[in-house]
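Asker:
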């Protein structure tokens, strides 16, 4: 039987550089209240599984999972934390539903990055303590190493990476959630300060605050809930080795494998012509190109040229990050995958406002967990 | 809106400060200890070879990530290093602007997987080309501890 799990409710709050008026828990409460209203459910009666995707160091609380129940309506209900990107949490919810453990499952993830005084130190603390913490440098050095190798092995022109930032920041201008939307030239992006050469600061996404909540349901239950069900038709996730030195820095092997699994589940045989839109991770400009090639939405080494020629523009052959992505909207830490998913769902519901891609029916969504990880997830969606 | 009475003046928005002083002793482990001893005593990098897939890994480790079996064959490598990738960063770990850019490279060794990530001793990043041969500049034997900072930097071969 084809895989089919419904996303019946979405809610979000925040989407700004700082949210000093609300605590983390209040931000989550807002997002959850909206998602439950959207799905038409009561979390105290209708949900059998709650899943949060958080990470203790970003929260500033050890055992942060213990602080999640109240604001989601999950006190004395089954709740677990997945210490990974939100899209991996969606995969977990799908498993709970597919196994029959739950009819309805809720997934939440958030960023309260404005509360973190030294985010660089947290990112650096993710590196291997014995072999990778001896240098007192910006942790984005790994992005620089990856980008250099990607450009070399794929034969991509360096300027094409800048074009990703130009495209996504322009798209974000039309997105009400877009914090970093702007019109820039390729030259301005290239001339912006160095982040980790060749990567520049305008090619490196900036963190924002926000919470996103999704309500998922079995196919049978979904028929009774909400009017805008979007179906998960396939989902996959994968982690490459944590040993950076072992990795092929040029490619996103984790995304390639996650996509292969999701495509197989959803019976996607020709990815390049299977979707009306794609929301893929663009934490750094070159990452979008790497990920497009891993997802087989572009041939190896061709993603850059396709960005340059407008194939991935909002009115192009396959709109990629029509929302503005993380470069245009802002980066939401572990909620970044849920953000990609949120933007795709709004498109498939026909609720994307100015961003709307006419007749959007099928989408692919991909996440990456950020530096220094090589973990990613892919979901295939249909309406 | 779900939260009815919101703060409406920025002066009402308060926050509390706190920090956590974290300290750890990270165990280098069986293979890690051997690697450190070889670096400290002989200034060489220890590798491990998988008996099944025949891959050689630097730094040495106890198990093969591809085959999931223990690797017992450990030996120092004398193979030349080369630059697999590099970057230049202007900021320190805490985000502050550093006085000079640091050129960071992934140095691999011929016929081996893995490698060492370290700084490159060059004046400018445009002096670096992918694949260029490099060798490690080490602290003198008596001040080495076996840690990665026993390596001062990698330097292009003359």
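Residue numbers (the numbering used here), protein chains in the order written: chain A, 85 to 467; chain B, 526 to 683. A virtual CB, placed ideally from N, CA and C, is assigned to each residue, including glycine. Note that the structure is predicted; figures quoted are calculated from it, not measured.
To which residues of the same chain is residue 356 of chain A closer than 7 Å at the C-beta, ignoring the five residues directly before and after it?
Answerer: If we look at residue 356 of chain A and ignore the five residues flanking it on each side, its Cβ neighbours are 380, 381.
Asker: Please list, in chain order, all residues of the same chain as residue 320 of chain A whose beta carbon is under 6 Å from its beta carbon, the five residues on each side excluded.
Answerer: The residues are 342, 345, 346, 462.
Asker: Per DSSP, what kind of secondary structure is residue 300 of chain A in: helix, strand or coil?
Answerer: Three-state result, residue 300 of chain A: strand.
Asker: My output table needs one value for residue 637 of chain B: the three-state DSSP class, helix, strand or coil.
Answerer: Residue 637 of chain B falls in the coil class under three-state DSSP.
Asker: Please name the residue in A:102, A:124, A:264, A:452 whose C-alpha comes closest to that of residue 94 of chain A.
Answerer: Looking at the Cα atoms, A:124 is the closest of the given residues.
Asker: Hey, would you say residue 364 of chain A sits closer than 8 Å to residue 465 of chain A, going by beta carbons?
Answerer: It is not a contact, given that the beta carbons lie outside the stated cut-off.
Asker: Under 9 Å, CB to CB, which of the residues in the stretch 660–675 of chain B have a partner in chain A?
Answerer: Listed by position along the chain: 672, 673, 674.
Asker: Look at residue 227 of chain A and residue 411 of chain A and say whether their C-beta atoms are less than 8 Å apart.
Answerer: In this structure, residue 411 of chain A does not lie closer than 8 Å to residue 227 of chain A by Cβ.
Asker: Just the C-alpha distance for residue 565 of chain B and residue 557 of chain B, rounded to the nearest angstrom, thanks.
Answerer: If I take the Cα positions, the gap works out to 12 Å.
Asker: Suppose only complete runs of 4+ residues qualify. What are the alpha helix (DSSP H) ranges in the stretch 118–176 of chain A, listed by chain order?
Answerer: With a minimum length of 4 residues, the continuous alpha helix (DSSP H) runs that stay inside the stretch 118–176 of chain A are 127–130, 140–143.
Asker: State the start and end residues of the unbroken alpha helix (DSSP H) segment that holds residue 467 of chain A.
Answerer: It is not in any alpha helix (DSSP H) - residue 467 of chain A carries neither H nor E in the DSSP assignment.
Asker: Measuring alpha carbon to alpha carbon, tell me which residue in A:195, A:467, A:107, A:260 is nearest residue 415 of chain A.
Answerer: For residue 415 of chain A, the nearest C-alpha among the options comes from A:195.
Asker: Indicate the three-state DSSP secondary structure (helix, strand or coil) for residue 290 of chain A in the structure shown.
Answerer: Reduced to three states, the DSSP call for residue 290 of chain A is coil.
Asker: Tell me, please, which residues DSSP counts as bridged to residue 460 of chain A.
Answerer: In the DSSP output, where bridge partners are listed per residue, residue 460 of chain A has A:322, A:452.
Asker: Verify whether the separation of the beta carbon atoms of residue 279 of chain A and residue 192 of chain A is less than 8 Å.
Answerer: Taking 8 Å as the Cβ cut-off, residue 279 of chain A and residue 192 of chain A do not qualify as a contacting pair.
Asker: My output table needs one value for residue 269 of chain A: the three-state DSSP class, helix, strand or coil.
Answerer: It is coil, neither helix nor strand.
Asker: When burial is assigned at 16 or more other CB atoms within 10 Å of the CB, is residue 667 of chain B buried or exposed?
Answerer: With fewer than 16 other Cβ atoms within 10 Å, it is exposed.
Asker: Taking the alpha carbon of residue 375 of chain A as the reference point, which residue from A:405, A:397, A:394 has its own alpha carbon closest?
Answerer: Of the candidates A:405, A:397, A:394, the one whose C-alpha sits nearest the C-alpha of residue 375 of chain A is A:405.
Asker: Taking the alpha carbon of residue 533 of chain B as the reference point, which residue from A:133, A:106, A:87 has its own alpha carbon closest?
Answerer: With distances taken between Cα atoms, residue 533 of chain B lies closest to A:106.
Asker: Do the stretch 586–602 of chain B and the stretch 157–175 of chain A meet, that is, are 3 or more Cβ pairs less than 8 Å apart?
Answerer: Touching, no.
Asker: Could you list the residues in the stretch 632–648 of chain B with a C-beta less than 8 Å from some C-beta on chain A, going in chain order?
Answerer: Cβ contacts with chain A come from 633, 638, 639, 640, 641, 642, 643, 644.
Asker: Under 8 Å, with one C-beta from each stretch per pair, do the stretch 561–575 of chain B and the stretch 532–549 of chain B reach the 3-pair mark?
Answerer: No, they do not touch.
Asker: Quick test of your reading: residue 244 of chain A and residue 373 of chain A, contact by CB under 8 Å. State the CB separation rounded to the nearest angstrom.
Answerer: Confirmed, Cβ separation roughly 7 Å.
Asker: Check this for me: beta carbons of residue 418 of chain A and residue 138 of chain A, under 8 Å apart or not?
Answerer: Their beta carbons are under 8 Å apart, which means residue 418 of chain A touches residue 138 of chain A by this criterion.
Asker: Are the stretch 606–621 of chain B and the stretch 645–657 of chain B touching, with three or more C-beta to C-beta distances below 8 Å?
Answerer: Flag = yes, the stretch 606–621 of chain B and the stretch 645–657 of chain B touch.
Asker: Taking residue 659 of chain B and residue 221 of chain A to be in contact with their CB atoms under 8 Å, please state how far apart those CB atoms are, rounded to whole angstroms.
Answerer: In fact, because the Cβ distance is near 18 Å, the residues do not count as touching under 8 Å.
Asker: With a threshold of 7 Å on Cβ separation, who are the neighbours of residue 261 of chain A within its own chain once the five nearest residues in sequence on each side are excluded?
Answerer: Contacts found: 99, 413.
Asker: With a threshold of 16 other CB atoms inside 10 Å of the CB of residue 578 of chain B, please say whether the residue is buried or exposed.
Answerer: Residue 578 of chain B comes out exposed.
Asker: May I have the straight-line CA-CA distance separating residue 616 of chain B from residue 622 of chain B, to the nearest angstrom?
Answerer: Spanning the two alpha carbons is a distance of roughly 4 Å.
Asker: Applying the criterion that 16 or more other CB atoms from any shown protein chain within 10 Å of the CB defines a buried residue, is residue 277 of chain A buried or exposed?
Answerer: Per the 10 Å Cβ criterion, exposed.
Asker: Run through chain A and tell me which residues come within less than 8 Å of residue 716 of chain B, C-beta to C-beta.
Answerer: Any answer about residue 716 of chain B is impossible in this case: the structure gives chain B only from 526 up to 683.
Asker: What residues of chain B sit near residue 405 of chain A, judged by a beta carbon separation below 8 Å?
Answerer: The contacting residues do not exist; residue 405 of chain A stays about 24 Å from chain B at best.
Asker: Under 8 Å between beta-carbons, which chain B residues line up against residue 278 of chain A? List them in chain order, please.
Answerer: Those are 613, 614, 615, 626, listed as they occur along chain B.
Asker: Around the C-beta of residue 399 of chain A, are 16 or more other C-beta atoms found within 10 angstroms, so that it is buried, or is it exposed?
Answerer: Burial call: exposed.
Asker: When you compare each of A:292, A:270, A:295 to residue 286 of chain A by their alpha carbons, which one comes out closest?
Answerer: Nearest of A:292, A:270, A:295 to residue 286 of chain A, Cα basis: A:270.
Asker: Give me the chain B residues within the contact set of residue 208 of chain A, using Cβ-Cβ distance strictly less than 7 Å, ordered along the chain.
Answerer: Per Cβ cutoff of 7 Å: 618.
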